[in-house]
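The structure under discussion appears below in the form of structure tokens.
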Amino acid sequence: LTDYIQHKFAPEEEGALEFYEALDEQLGRLKDLGCLLGITADHGMNAKCHKDGTPRVIYLEDALHEQFGDGSKVICPITDPYVVHHGALGSYVTVHLDESGKATEIAKWVWDLNGVTEVFKKAEAAESLELPADRIGDLVVMSAADTVLGRSPEHHDLSQLDRPLRSHGGRFETQVPFIFSGPLTDEYATKAAGDPRNFDVFDYLCNGIE
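Here this note's numbering is used: the first residue of the sequence shown is 32, the next is one more, and so on.
As structure tokens, then:
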């Protein structure tokens, strides 16, 4: 399923409630046919805006160029050009530096930006976030629950947003539903009290339903 609805509507807004009512109806039909259901998501979603509804954005590439010169490039993994709901803005970016020896200095500076919550150098990000080191930059940066990270205003078209910006990608969007259509066995109920990952849904569904 697309996450268009979650980008456009907060959980209790009419558009979201209509969507989940329709989804619940279809899941009910599958259950009535005898299917065992495991329901999860790839990520959560948060409003990324000021109190007045305007987007709360850190244009990190612009900020880095202003502070350190043109020696860095910010890559936003949420790059699909859906200008009507997220403008290619999320709460995670990776930063490639022309001079990797400056990574520590630049990381310390980025840490102090209002709205930044985590900064990792490449090796730290690979270990802590389980990322492939050969596919990320010299730094990985994540932002607060109400903040997104971008390159510069010209790289992100926000002119067609007709609702407050909602997006994902950071630490605060890692909690997702973990729902099953039947009770778990005692063993898997105990496991579920820990910290299951969304990909564990297959194990639980195949082996953990009574």
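Every residue, glycine too, gets a C-beta built ideally from N, C-alpha and C.
Fair warning: this is a prediction, and the values are worked out from it, not measured in the lab.
Exercise. Hey, R202 and T148 are a contact pair by Cβ (cut 8 Å); roughly how many whole angstroms apart?
Worked result: 7 Å
Problem set entry | DSSP-derived helix/strand/coil call for K222 | helix
Exercise. So what does DSSP say about L128, is it helix, strand or coil?
Worked result: strand
Problem set entry | Contained alpha helix (DSSP H) runs [length at least 4] in the region 128-162, N- to C-terminal order | 134-142 and 153-159
Problem set entry | Contacts around P195, its chain only, beta-carbon distance under 6 Å, and the 5 residues preceding and following it disregarded | A78, C80 and G84
Exercise. If you follow the beta strand (DSSP E) that F40 is part of, which residue opens it and which one closes it?
Worked result: Neither: F40 is in no beta strand (DSSP E) and is coded neither H nor E.
For this session: Answer yes or no: do H96 and H199 have a C-beta to C-beta separation smaller than 7 Å?
Result: no
Problem set entry | CB contact flag (V105, R182, <7 Å) | yes
Exercise. Between the beta-carbon of I70 and the beta-carbon of P208, is there less than 7 Å?
Worked result: yes
Exercise. Apart from the five residues on each side of it in sequence, which residues of its chain come closer than 7 Å, Cβ to Cβ, to A138?
Worked result: V150, K152 and L170
For this session: Evaluate S159 with the Cβ neighbour count: other Cβ atoms within 10 Å of its Cβ, from every protein chain shown; 16 or more gives buried, anything less gives exposed.
Result: exposed
Exercise. Whose C-beta lies closer than 6 Å to the C-beta of R87 among residues of the same chain, with five residues either side of it excluded?
Worked result: K79, C80, H81, D177 and T178
For this session: Compute the distance between the beta-carbons of S212 and K62, then report whether it is under 7 Å.
Result: yes
Problem set entry | Delimiting residues of the alpha helix (DSSP H) encompassing G102 | Unbroken run through G102: none, as it is neither H nor E.
Problem set entry | As assigned by DSSP and simplified to three states, the class of C80 | strand
Exercise. According to the Cβ coordinates, are S103 and L128 closer than 7 Å?
Worked result: yes
For this session: Please check the pair V172 and L180, which I expect to be a contact at CB under 8 Å, by giving their CB distance rounded to whole angstroms.
Result: 6 Å
Exercise. Rounded to a whole number of angstroms, what is the C-alpha to C-alpha distance between W140 and T125?
Worked result: 15 Å
Problem set entry | Rounded straight-line distance, which links the Cα of G118 to that of D188 | 6 Å
For this session: Taking L180 as part of the beta strand (DSSP E), name the residues at either end of that continuous run.
Result: V179 to G181
Problem set entry | Secondary structure of V232, DSSP reduced to three states | helix
For this session: Please name the residue, chosen from A156, G132, P214 and Q98, that lies closest to D143 on a Cα-to-Cα basis.
Result: Q98
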